[in-house]
Each structure stands twice: as structure tokens, then as C-alpha cells.
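Engineer:
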Amino acid sequence: MSPVESVPVAVLNRVDDYVELLYDDIPEKIKGSALILQLARNPDNLVELARNEALLSALSRVLREEWKRSIELSTNIVYTFFCFSTYIEFHSVIIQYKIGSLCMDVIDYELKRYDQWKEKVEGKKPLATPDKVMINI
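Counting from 288, one number per residue, gives the positions in the sequence shown under the working numbering.
Take a look at the structure:
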């Protein structure tokens with residue numbers, strides 16, 4: 288069972304509790320961000336979430352400060368802001384918290400990390416290819 292599957296069902300009136308989790312260690316931040324994401328995936332909750340400045344500030348701060356430490360945490364938060372971005376009336380939230388440029392930083396970093404990983408893997412390939420197999424006799 289993955290950590291997200293073990294997260295309980297989120298309830299809108301407990302959102303402040305979920306925000307509090309964003310101030311704890313990484314596992315608690317992941318849990319809090321997963322609960323917030325559950326709420327954001329329901330379009331009926333977006334207006335209420337957009338009014339919660341403490342929530343939006345905490346999410347943007349955690350993304351800005353912690354995105355390199357946990358791909359799961361950053362994915363939850365980026366997905367939460369993606370939920371807002373699908374509706375034009377919430378674009379101001381994305382702009383206000385500078386989520387667009389932050390997401391570009393995350394993407395740029397992950398692409399560079401992928402390139403480094405790919406170079407490392409390609410560097411470890413065996414020198415002999417199927418058409419150049421050396422036979423020891």
C-alpha cells in the first residue's frame with residue numbers, strides 16, 4: 288500500500304489541520320498535501336480553498352523550500368495548483384503565488400536530473416554489443 292492510499296478521506300472543515308501538517312517532517316507534509324489534494328480535486332471545494340490564504344501560502348512555501356527533498360510532496364502540491372489552474376477564475380491564485388515560475392524551476396531541475404541519470408546509465412553499458420561479442424577460447 289502506498290502512502291497516498293493510506294491517507295484517510297479528506298474533509299473540507301478540517302483543512303486547517305491539514306495545513307498544520309505542512310509544518311512537520313516530510314512524511315507529515317506528504318500526508319497533509321495528499322489530503323489537501325483530495326479536496327482540490329473536487330471542483331466544489333476550490334472556492335473555499337482559494338479563500339484560505341494560510342493554505343495557499345503554506346503550499347507555495349513548502350513547494351518553494353522542499354521540492355527537491357520529495358518528489359511525492361512536490362507532485363501533490365503541483366497537482367493541487369493544477370486543479371486551480373483549470374478554471375480561469377483561479378488563475379489569480381497561480382499568479383499571486385508565482386506557481387508558474389516555480390513549476391518551471393521544478394521541471395528544469397527534473398529534466399537535468401534525468402539527463403544526468405541517463406548519462407550515468409549509458410556510461411555503465413557493457414562495451415560488447417551483440418554484434419561485437421568477444422569469445423574466450
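Built from N, CA and C at the ideal position, the CB exists for glycine as well.
Quick one: grab the DSSP three-state call for Trp404.
Structural biologist: Taking the sequence shown and counting its residues from 1, the one referred to as residue 404 is at position 117. Looking at Trp404 - three-state DSSP - the assignment turns out to be helix.
Engineer: Assuming contact is defined by CB atoms lying nearer than 8 Å, are Leu343 and Ile364 in contact in what I supplied?
Structural biologist: As a working note, residue 343 is residue 56 in the sequence shown. As a working note, residue 364 is residue 77 in the sequence shown. Result no, Cβ atoms of Leu343 and Ile364 do not sit closer than 8 Å.
Engineer: Taking the C-alpha atoms as reference points, what is the distance between Tyr305 and Glu406?
Structural biologist: Along the sequence shown, read from residue 1 onward, the residue named residue 305 stands at position 18. Along the sequence shown, read from residue 1 onward, the residue named residue 406 stands at position 119. Roughly 40 Å between the two C-alpha positions.
Engineer: Rounded to whole angstroms, how far is the Cβ of Leu322 from the Cβ of Ala297, which I believe are closer than 8 Å?
Structural biologist: For the purposes of this step, residue 322 is taken as the residue at position 35 of the sequence shown. For the purposes of this step, residue 297 is taken as the residue at position 10 of the sequence shown. Yes, they are in contact, since the Cβ atoms of Leu322 and Ala297 sit about 4 Å apart, within 8 Å.
Engineer: Under 8 Å Cβ to Cβ from Glu353, same chain only, skipping five residues before and after it: list those, please.
Structural biologist: The sequence position of residue 353 within the sequence shown is 66, counting from 1. Hits under 8 Å: Ile313, Lys316, Leu360 and Ser361.
Engineer: How would you label Val439, buried or exposed, when you count the other beta carbons within 10 angstroms and need 16 or more for buried?
Structural biologist: Because the chain here runs from 288 to 424, residue 439 falls outside it and cannot be looked at.
Engineer: What do you reckon, are the CB atoms on Ser372 and Ile358 nearer than 8 Å?
Structural biologist: Position 85 of the sequence shown, counted from the first residue, corresponds to residue 372. Position 71 of the sequence shown, counted from the first residue, corresponds to residue 358. Contact: no.
Engineer: Is the distance from the Cβ of Phe368 to the Cβ of Ile394 below 8 Å?
Structural biologist: Residue numbering aside, residue 368 sits at position 81 when the sequence shown is read from its first letter. Residue numbering aside, residue 394 sits at position 107 when the sequence shown is read from its first letter. Contact flag unset, no.
Engineer: Tell me which same chain residues have a C-beta within less than 6 Å of the C-beta of Glu397, skipping the five on either side of it?
Structural biologist: Taking the sequence shown and counting its residues from 1, one reaches residue 397 at position 110. There are no such residues.
Engineer: Taking C-beta to C-beta, are Leu326 and Leu299 nearer than 8 Å?
Structural biologist: If you number the sequence shown from 1, residue 326 lands on position 39. If you number the sequence shown from 1, residue 299 lands on position 12. Yes.
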